[in-house]
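Novice:
Number of protein chains: 2
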Amino acid sequence: MAKKPKISASQEPGGLIVHISGLLPSLSPAEQRVARLVVADPADAARRTITDLATAAETSEATVIRFCRSVGMDGYPQLRIRLAAEAARRVEPPDARVVGGDIPPGADLAQIIATIAFNDARAVEETAEQLDPAVCEQVVEAIVGASRIEVYGAGASGFVASDFQQKLHRIGRTAFYFPDVHTALTSAALLGRGDVAVGISHTGATADAIEVLEQARARGAATVALTNFPRSPITEVADFVLTTAARETTYRSGAMASRLAQLTVIDCLFVGVAARNRMRARKALEVTAEAVQTHRVGPGRRRA
Amino acid sequence: MAKKPKISASQEPGGLIVHISGLLPSLSPAEQRVARLVVADPADAARRTITDLATAAETSEATVIRFCRSVGMDGYPQLRIRLAAEAARRVEPPDARVVGGDIPPGADLAQIIATIAFNDARAVEETAEQLDPAVCEQVVEAIVGASRIEVYGAGASGFVASDFQQKLHRIGRTAFYFPDVHTALTSAALLGRGDVAVGISHTGATADAIEVLEQARARGAATVALTNFPRSPITEVADFVLTTAARETTYRSGAMASRLAQLTVIDCLFVGVAARNRMRARKALEVTAEAVQTHRVGPGRRRA
DNA sequence: ACACCCTGTGAAAGTAAGTTTCATCCGTGG
DNA sequence: CCACGGATGAAACTTACTTTCACAGGGTGT
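Chain order of the listed sequences is A and B.
So the first sequence is numbered by this note's numbering: it starts at 1 and just counts up by one.
So the second sequence is numbered by this note's numbering: it starts at 1001 and just counts up by one.
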């Protein structure tokens, strides 16, 4: 069939350009002109129409097609998308992203955004990596079996605690969050075997959180600590320790990264719990979603 | 010219897919079918011809073209190569990780954790990618110059709003957060030129948040919307629109991803504002950090 | 030198893909 | 109930892609 032995490029997803320049010398003059354009700027070539490219290479469309076949493509469109893909792949090494570091003083906002996103995303990933599924499992188990769950966190961790409480509540688990230590302590004193107390503290050194867990533990409840520091004081009053992995504690970028890391852990626990009773959780979620539906603006569409 | 206000995708090299899924709710039903196919498997869509894709989406070619225009492309070929490029860039969905999807019923916790972390991290990254630094800059500018800042968010977005308020407050900006709509409206009515109102709503359709921004705007304050959907109602009452890029809106894993995305944006704004007055912000942070120091557990064992 | 390939090439014809137009169908609001 | 406007697909149309074919050179054997 084919007169020329086609050299298939389908099996080398990573090196179309390399492939092409490799067999450049074996191509006919007119095809070489095409090839050179393609190799010189794949992204640009991908943007061109076949007629356009032919003109640029001072040849006819037919030759461009022949070129496509010569390099193992079915036709021009295929070449085009392969080129686009290839061109996209060979871009931006994460350049000047300051890895766990600070934001340089002169940075413009775009840089700041890139740095933050990088650090935030890392915190999430790394937290997940070092999370111990076995411990999570146990915590999920405890929560699923608990008749009451109390979550405590002070300051910034309070948001996370509150969030967790709300999520649990939403799938029908009886959960509480008390922003105030005294109330929390009082309530913790009423916990008992089979209940769960969760203490959230980035530093693991927040006196309040520790006290609350201590109290809960004394009453026989299972205690869970969520902290960034696996050897911090709070871990000593916790039956289960879950850790985040936000490396920086610098004021600037660090604060949010640790928050995100905490939320990620919460998310995992939540989904774990919800997965335990798929039907019930789903139902509960749907019901609660409907509940706020009337507070949504009408057709949700275009310009409402 | 264009009946629909095209939202150009040209300036966001990083997030066509994200961009599309953000626009999803604002598309017509038939276009949504197309969009879903595209988002589900961009690489595959890039391989298809327009007729093919139209058939797969159970619609006509005309609709596919309309879809292309709706998401800011010139035509189908352009969409195709952009998709190919996008698909190539993204690290392939590590194994069984359901990319913006659901958690498989039989999954064990380790899998769940991996999936969640993947989605959460992506939401953060993609949000940052599609954030427009110019808009951020303007918002930062407005906040820096504001004599008062009010943040509003209902439900889950309330946590984010509250968090933002607290952060701003901590670096010495006068910021408020009102969990209650009535209070928020009342307060918004007292805003004036030079003030800033920030409305946070994932769906962009929360009536309360819209009302608050409307009120604030009527009083001459600058209004900022933070939403996942660039064409949602809230964007119409906002001077500045910042978007997140949490692709899923499924109850389970999606909820948290969108939260993280929102927080990432908040973080960027916060750092931007703080960077404007490095010295003052740093000082403020140190002072506030010291303030809670006494609530930390003493010499704390290893890590205090 | 001449006839004969054989290869490379582009013009033109042919086919398929993409785009526009337009009539129809629906739901909405008067 | 009708007018209106958006959504939609059928069909007309345009552009892009592919195939066919004829022809120009340049070897090669007689």
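C-beta: ideal position from N, C-alpha, C; glycine also.
Bear in mind the structure is a predicted one, so any value in this text is a computation, not a measurement.
1) Beta-carbon of Gly101 (chain A) versus every beta-carbon of chain B: anything under 9 angstroms?
2) Counting contacts by CB-CB distance shorter than 9 angstroms, is Ser314 (chain A) in contact with chain B?
3) What does Tyr177 (chain A) pair with, by DSSP beta-bridge criteria?
4) Just to confirm, are Ala1197 (chain B) and Val1181 (chain B) a CB contact at a threshold of 9 angstroms?
5) Nearest-angstrom Cα distance between Ile1210 (chain B) and Pro1233 (chain B)?
6) Are three or more beta carbon pairs between the segment 1219-1238 of chain B and the segment 1189-1207 of chain B nearer than 8 angstroms?
7) Among A:Ser26, A:Tyr76, A:Pro25, which residue has its Cα nearest to the Cα of Arg47 (chain A)?
8) Within its chain, find whatever has a CB closer than 7 angstroms to the CB of Ile1017 (chain B); leave out the 5 residues flanking it on each side and keep chain order.
9) What residue does the alpha helix (DSSP H) around Leu1083 (chain B) start on, and which one ends it?
10) Please classify Ala1274 (chain B) as buried or exposed, where buried requires at least 16 neighbouring CB atoms within 10 angstroms.
11) List, in order along the chain, the chain B residues whose C-beta lies closer than 8 angstroms to that of Val124 (chain A)?
12) Among the candidates A:Ala84, A:Arg36, A:Ala88, whose CA atom is the shortest distance from the CA of Phe67 (chain A)?
13) Checking 9 angstroms against the spacing of the C-beta atoms, do Ser1147 (chain B) and Asp1195 (chain B) come in under that value?
14) Since Arg173 (chain A) and Ile149 (chain A) are thought to touch, with beta carbons under 8 angstroms apart, how far apart are those beta carbons, to the nearest angstrom?
15) Where Leu260 (chain A) and Ala57 (chain A) are concerned, what is the direct C-alpha to C-alpha distance, given to the nearest angstrom?
16) Under 9 angstroms, do Leu1083 (chain B) and Cys1268 (chain B) count as touching if we go by C-beta distance?
17) With DSSP as the reference, label Leu213 (chain A) as helix, strand or coil.
18) What are the partner residues of Ala225 (chain A), as DSSP defines its beta bridges?
19) Give the secondary structure of Thr51 (chain A) by DSSP, where H, G and I count as helix, E and B as strand, and everything else as coil.
20) Does the Cβ-Cβ distance between Phe1164 (chain B) and Ala1175 (chain B) come in under 9 angstroms?
21) When the distance is taken between beta carbons, is Ser1026 (chain B) closer than 9 angstroms to Arg1193 (chain B)?
22) Could you check whether the Cβ of Asp1108 (chain B) sits closer than 9 angstroms to any Cβ belonging to chain A?
23) Please check if any C-beta of chain B sits within less than 9 angstroms of the C-beta of Ala2 (chain A).
24) Where does Val1064 (chain B) sit, in a helix, a strand or coil, going by DSSP?
25) Since Leu23 (chain A) and Val71 (chain A) are thought to touch, with beta carbons under 8 angstroms apart, how far apart are those beta carbons, to the nearest angstrom?
26) According to a CB-to-CB cut-off of less than 9 angstroms, which residues of the segment 1041-1054 of chain B neighbour chain A?
27) Which residue wins for smallest C-alpha separation from Ala310 (chain A), given the options A:Gly155, A:Met256, A:Arg276?
28) Once DSSP output is grouped into helix, strand and coil, what is the label at Pro1230 (chain B)?
29) Quick check on the burial criterion: 16 or more other C-beta atoms within 10 angstroms. Buried or exposed for Ala134 (chain A)?
30) Between which two residues does the alpha helix (DSSP H) holding Ala1246 (chain B) run?
31) Is the shortest distance between the beta-carbon of Phe240 (chain A) and the beta-carbons of chain B less than 9 angstroms?
32) Should Asp267 (chain A) be flagged as near chain B, meaning a C-beta pair shorter than 9 angstroms?
33) Would you mind stating whether Val1151 (chain B) and Ile1200 (chain B) have Cβ atoms separated by less than 9 angstroms?
34) Would you call Thr1244 (chain B) buried or exposed, if buried means 16 or more other Cβ atoms sit within 10 Å of its Cβ?
35) Pro1133 (chain B) versus chain A: which residues are under 8 angstroms apart at the beta carbon?
Specialist: Taking the structure as given:
1) Note that Gly101 (chain A) scores 45 on pLDDT, short of 50, meaning its location in the model is unreliable and no value can be drawn from it.
2) The question about residue 314 (chain A) has no answer, for chain A in this structure spans 1 to 304.
3) Paired residues: A:Val151.
4) It is not a contact, given that the beta carbons lie outside the stated cut-off.
5) The straight-line gap separating the alpha-carbon atoms of Ile1210 (chain B) and Pro1233 (chain B) is approximately 8 angstroms.
6) Counting Cβ pairs under 8 angstroms, three or more are found: they touch.
7) Comparing Cα positions, the closest option is A:Tyr76.
8) Around Ile1017 (chain B): Val1039, Pro1042, Glu1086.
9) The continuous alpha helix (DSSP H) containing Leu1083 (chain B) extends over residues 1076-1089.
10) Around the C-beta of Ala1274 (chain B), 16 or more other C-beta atoms lie within 10 Å, and the residue is accordingly described as buried.
11) The answer, in chain order, is Ala1117, Asp1120, Ala1121, Val1124, Leu1260.
12) Cα-wise, what sits closest to Phe67 (chain A) is A:Arg36.
13) Yes. Within cutoff.
14) Going by Cβ atoms, the distance from Arg173 (chain A) to Ile149 (chain A) rounds to 6 angstroms, so yes, they are a contact pair.
15) One C-alpha to the other measures close to 52 angstroms.
16) No.
17) In the three-state reduction of the DSSP assignment, Leu213 (chain A) falls in the helix class, which pools H, G and I.
18) Paired residue(s): A:Gly199, A:Val241.
19) Here Thr51 (chain A) carries a helix assignment [DSSP, helix/strand/coil].
20) Using a Cβ distance threshold of 9 angstroms, Phe1164 (chain B) and Ala1175 (chain B) count as a contacting pair.
21) Contact: no.
22) Proximity of Asp1108 (chain B) to chain A, defined by a Cβ-Cβ separation below 9 angstroms, is satisfied.
23) Here the model assigns Ala2 (chain A) a pLDDT of 36, short of 50, so the residue's position is not dependable, and the following value carries that caveat. Closer than 9 angstroms: no.
24) Secondary structure at Val1064 (chain B): helix, using DSSP grouped into helix, strand and coil.
25) Indeed, because the Cβ distance is near 7 angstroms, the residues count as touching under 8 angstroms.
26) Of all residues in the segment 1041-1054 of chain B, Ala1043, Ala1046, Arg1047, Thr1049 have a Cβ within less than 9 angstroms of some Cβ in chain A.
27) Lying outside 1 to 304, the shown extent of chain A, residue 310 (chain A) is not represented and no answer is given.
28) DSSP places Pro1230 (chain B) in coil when its eight states are reduced to three.
29) Its Cβ having fewer than 16 others within 10 Å, Ala134 (chain A) is exposed.
30) Per DSSP, Ala1246 (chain B) belongs to no alpha helix (DSSP H) and is neither H nor E.
31) Interface residue (Cβ-Cβ distance to chain B less than 9 angstroms): Phe240 (chain A) is not classified as such.
32) Yes, Asp267 (chain A) counts as interfacial toward chain B.
33) A contact, by the Cβ cut-off of 9 angstroms.
34) It is buried - the Cβ of Thr1244 (chain B) has at least 16 other Cβ atoms within 10 Å.
35) The contacting residues are Asp108, Leu109, Ala110, Ile113.
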